[in-house]
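Q:
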Amino acid sequence: MYALMTLLAQTIEVGVTTAARSVSKARTKRAVQRAEPHTCVELVALAGAPGQAPAAEVNARAAGELVIAPLSGAKCVWYVVRVYERFYAWRPGPLGPAKVERQIMVAERSAGRLLIRDATGEVRVDPAGAALELGTTSYSGFEGRTGDGALLDRVGRLLGGPLRARHQAMTIGFLVEEWVVREGEEIHVVGQPRTEAGEVVLGKPALRPFVVGKSTRAPVTA
184 MYALMTLLAQ TIEVGVTTAA RSVSKARTKR AVQRAEPHTC VELVALAGAP GQAPAAEVNA
244 RAAGELVIAP LSGAKCVWYV VRVYERFYAW RPGPLGPAKV ERQIMVAERS AGRLLIRDAT
304 GEVRVDPAGA ALELGTTSYS GFEGRTGDGA LLDRVGRLLG GPLRARHQAM TIGFLVEEWV
364 VREGEEIHVV GQPRTEAGEV VLGKPALRPF VVGKSTRAPV TA
């Protein structure tokens with residue numbers, strides 16, 4: 184009976200997670216379509232206006248001091264490392280529950296806030312909670328349960344602590360991915376402007392999507 188209840192709970196969890204991801208993708212697409220484009224200097228007025236600022240779209244170029252990405256060793260102005268736990272789960276099927284692979288993000292480390300700049304000014308982007316659309320990874324690695332532990336040790340040092348398997352025996356392993364942004368690359372952001380310590384920051388709106396990606400649109404020029 185206990186095994187059956189566990190199986191049912193896992194099946195329900197996977198179904199709810201899958202539905203939530205579909206809803207999230209649809210909401211993100213609508214948010215991008217509805218966001219109004221602004222220059223960096225226009226965000227200053229938006230962030231300083233009374234009430235909650237609406238979601239804004241900005242296309243600008245990445246700027247800032249050079250840093251070294253921790254996994255690839257690439258020179259860049261910003262990087263982000265995300266760690267995903269892969270695990271087995273159960274989903275309902277016509278012949279009964281079927282075993283499938285899933286993954287969830289369990290850790291993230293970035294080079295702080297991303298500075299973007301156009302001809303009118305500059306703003307910073309707080310990447311927490313962002314849907315990333317940064318193209319090809321600069322590093323990607325996977326370590327399974329039977330691995331030698333080298334990758335997880337390296338990631339643990341980066342994160343300041345060891346990774347723990349949340350799904351215990353159902354855990355397959357950990358996927359580690361790194362993306363970099365180089366100086367001058369065109370960046371597309373849809374987020375909410377706010378003022379912090381006298382500077383404008385684009386971040387995640389409450390209960391609304393937030394997108395940071397490499398842009399296919401040209402930034403504002405003088």
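All the letters of the sequence shown, read from the start, carry residue numbers 184 to 405 under this note's numbering. Glycine included, every Cβ here is placed at the ideal spot set by N, Cα and C.
Measuring CA to CA, which of Leu346, Pro237, Val263 is closest to Thr319?
A: When each option's Cα is compared against that of Thr319, the closest is Val263.
Q: Out of Trp362, Arg296, Arg274, which one is the CA nearest neighbour of Glu379?
A: Out of Trp362, Arg296, Arg274, Arg296 has the C-alpha closest to the C-alpha of Glu379.
Q: For Ser205 and Val306, I'd like the C-alpha separation in whole angstroms.
A: Summary for Ser205: the model assigns pLDDT 42, below 50, so the residue's position carries little reliability, and this model does not support an answer.
Q: Using the rule of at least 16 other Cβ atoms within 10 Å of the residue's Cβ for burial, across every protein chain shown, is Gln235 buried or exposed?
A: It is exposed - the Cβ of Gln235 has fewer than 16 other Cβ atoms within 10 Å.
Q: CA-CA distance, Val308 and Glu368?
A: C-alpha separation (whole angstroms): 15 angstroms.
Q: State the Cα-Cα distance for the pair Ala272 and Met353, rounded to the nearest angstrom.
A: Cα to Cα, the separation comes out at about 7 angstroms.
Q: Please state the DSSP three-state secondary structure of Val241.
A: Strand at Val241.
Q: With DSSP as the reference, please indicate the residues paired to Lys258 in a beta bridge.
A: Beta-bridge pairing links Lys258 to Ile251.
Q: Which same chain residues, not among the five before or five after His371, have their C-beta less than 6 angstroms away from its C-beta?
A: Result list for His371: Asn242, Gly396, Ser398, in chain order.
Q: Among the candidates Ala314, Leu358, Ser321, whose CA atom is the shortest distance from the CA of Gly330?
A: It is Leu358.
Q: Where does Arg292 sit, in a helix, a strand or coil, going by DSSP?
A: It is a strand residue.
Q: So, under 8 angstroms CB-CB, Ala239 and His221 are touching, yes? Tell me the CB distance rounded to an integer number of Å.
A: Right, their Cβ atoms sit about 5 angstroms apart.
Q: Between which two residues does the alpha helix (DSSP H) harbouring Glu225 extend?
A: 223–231 is the span of the alpha helix (DSSP H), which, as asked, contains Glu225.
Q: With a cut-off of 8 angstroms on the beta carbons, I'd call Ala386 and Gly374 a contact; round off their distance for me.
A: It should be pointed out that residue 386 corresponds to Gly in this sequence rather than to Ala. The pair is a contact, with the Cβ atoms about 6 angstroms apart (cut-off 8 angstroms).
Q: Bridge partners for Leu315 per DSSP, in chain order?
A: Answer is Val395.
Q: I'd like to check one pair, Ser323 with Val363: are the Cβ atoms closer than 7 angstroms?
A: No, these two residues do not count as a Cβ contact at 7 angstroms.
Q: Measure the beta-carbon distance from Ile287 to Glu268 and round it to whole angstroms, keeping in mind my assumption that it falls under 8 angstroms.
A: Indeed they touch by this definition, with Cβ atoms about 6 angstroms apart.
Q: Are there any heavy atoms of the ligand FMN lying less than 6 angstroms away from the beta-carbon of His371, as far as the coordinates show?
A: With respect to small molecules bound, the structure shown includes none, and the ligand FMN cannot be examined in it.
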